[in-house]
């Protein structure tokens, strides 16, 4: 399984959004709670479409939700 | 344990039960005391054709029973959404099943090439399909357990 180099601020954004639950975010983005949990824990990188939908829920730009860990990627090379 | 993991576990147990009981049934009804039937291709054709609908019907019935009991006990129904991660896990599981079956197919053809009786090849084909299905469900359980 490929290593996930994408980190995210979903936990922080959920907290700022009146402590939105994982289930609520899952319902708003049309995925399961397990998928949200896997994304939050950095075990799964979402598709671009889902990433935009998550950013849309928090009304923030995509780059404020997800960031690419370039250091890890360079270290890998 | 999540719904999908439970579903895969039920499929896994169902497959083992179906193949185990079907093997016993065929053995006692046809093969016991009549080993010549092993080289009768008509018998193998029937055995394959009966196994497929029987296993599909059994899978459906057992899943319905499981989700009914699960709903009563935990108040959770069958998974309503199949999202992108589920589809990706499904694809990975299918790939594992595919390669497992290919390996079984090559082994069964190898048995023919080495001059072993044809019924060995036919049994190897049934079991490679069965092992491929087990590998697929096990892979799903592993991926869901691991997170991905």
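Protein chains in written order, with this note's numbering: chain A, 83 to 159; chain B, 5 to 152. For each residue, glycine too, the CB sits at the ideal point set by N, CA and C.
query: Can you give me the C-alpha to C-alpha distance between residue 83(A) and residue 81(B), rounded to a whole angstrom?; result: Only weak support exists for where residue 83(A) lies, its pLDDT of 48 falling under 50; the coordinates are left without a value.
query: Give the secondary structure of residue 79(B) by DSSP, where H, G and I count as helix, E and B as strand, and everything else as coil.; result: coil
query: Going by the beta-carbon positions, is the gap between residue 120(A) and residue 126(A) smaller than 8 Å?; result: yes
query: For a cutoff of 8 Å on Cβ pairs, would you count residue 99(B) as touching chain A?; result: no
query: Give the residues of chain B in contact with residue 112(A), contact being defined as C-beta atoms less than 8 Å apart.; result: 85, 87
query: Mind checking if residue 151(B) is an interface residue toward chain A, Cβ cutoff 8 Å exclusive?; result: yes
query: So for residue 104(A), helix, strand or coil by DSSP?; result: helix
query: Starting from the C-beta of residue 24(B), find all residues in its chain whose C-beta is less than 8 Å away, skip the five residues before and the five after it, and write them out in chain order.; result: none
query: Taking the straight line between their C-alpha atoms, what separation do you get for residue 113(A) and residue 149(A)?; result: 21 Å
query: Can you find a C-beta in chain A that's less than 8 Å from the C-beta of residue 6(B)?; result: yes
query: Measure the alpha-carbon distance for residue 90(A) versus residue 15(B) and round it to whole angstroms.; result: 35 Å
query: Where does residue 87(A) sit, in a helix, a strand or coil, going by DSSP?; result: coil
query: Looking at the secondary structure, which residues open and close the beta strand (DSSP E) in which residue 148(A) lies?; result: 148-150
query: Does the separation of the CB atoms of residue 107(A) and residue 139(A) fall below 8 Å?; result: yes
query: I want to know whether the stretch 22-39 of chain B touches the stretch 98-116 of chain B - three or more CB-CB distances under 8 Å.; result: no
query: I'd like the list of long-range same chain contacts for residue 104(A), defined as Cβ closer than 8 Å, with 5 residues on each side in sequence excluded.; result: 96, 115, 118, 119, 122
query: Who are the neighbours of residue 132(A) on chain B, taking C-beta pairs under 7 Å?; result: 88
query: At what residues does the alpha helix (DSSP H) containing residue 26(B) begin and finish?; result: 7-30
query: Assuming residue 136(A) contacts residue 128(A) under a Cβ cut-off of 8 Å, what Cβ separation, rounded to an integer in Å, is found between them?; result: 7 Å
query: For residue 73(B), count neighbouring Cβ atoms within 10 angstroms of its own Cβ and tell me buried if that reaches 16, exposed if not.; result: exposed
query: I want to see whether chain B comes within less than 8 Å of residue 94(A), judged by CB atoms only; does it?; result: no
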